[in-house]
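Numbering (the numbering used here), first residue to last: 482 to 666.
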């Protein structure tokens, strides 16, 4: 496992391990809430119970993410921090976490994260991306066209220009690639 960035407030692309620079594919996701029965009702997810939801989320993740791919999880991973390491071992790809409001320290410290931070700025496909669990009203580089990717809102907020909710509730319960987000508008 790469150095844990628990003490860092932000993660900039230059801080990433060298193998992240040119991955096979990069995906984004948020608000998986693995194992959380409350999310089924609150977000009206189409699953009978938390176990079924978790299995469907793992299945859909692995259907689109390969072992050499990179996934940025923009927070709110799972109900039980004790389950996170086991879940991460089942999920394809190199996984980076940006802390959500439902991610306690034990989730951040779980084996399987390549990095952990509260905020990140990366460049992908020539575009500046500003990543955080929370949607921003304004963000670094917004007016030159930087894109804000976020979770937290479960598809309930009207997006601003260059802003996308990457939560599973918005993207058929699977991680999503940047080009799909950009084509969606």
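Note that the Cβ used here is the ideal one computed from N, Cα and C, for glycine as well. Please read all numbers here as calculations on a predicted model, not as lab measurements.
Other residues of its chain near residue i: CB distance less than 6 Å, five sequence neighbours each side excluded
i	result
residue 648	511, 512, 632, 635
residue 514	520, 557
residue 577	553, 595, 596
residue 522	none
Own chain, CB closer than 8 Å to residue i, minus 5 neighbours either side, in chain order
i	result
residue 546	506, 508, 552, 572, 573, 574, 656
Given residue i as reference, the closest of the options once Cα atoms are compared
i	options	result
residue 609	664, 629, 570	629
residue 563	650, 612, 586	586
residue 616	555, 569, 598	555
residue 539	549, 584, 516	516
residue 622	598, 567, 604	604
residue 594	643, 580, 531, 607	580
residue 646	536, 568, 611	611
residue 606	625, 589, 525, 659	659
residue 583	560, 598, 532	560
residue 534	548, 568, 549, 550	568
residue 663	627, 532, 541	627
With 16 other Cβ atoms within 10 Å as the buried cut-off, status of residue i
i	result
residue 661	exposed
residue 650	buried
residue 667	The question about residue 667 has no answer, for the chain in this structure spans 482 to 666.
residue 644	buried
residue 589	buried
residue 591	buried
residue 666	exposed
residue 532	exposed
Cβ shell of residue i (< 7 Å), same chain only, five flanking positions each side left out
i	result
residue 528	521, 534, 537
Segments assigned alpha helix (DSSP H), at least 4 residues, entirely inside the segment 535-591: Correct list: 565-571, 586-589.
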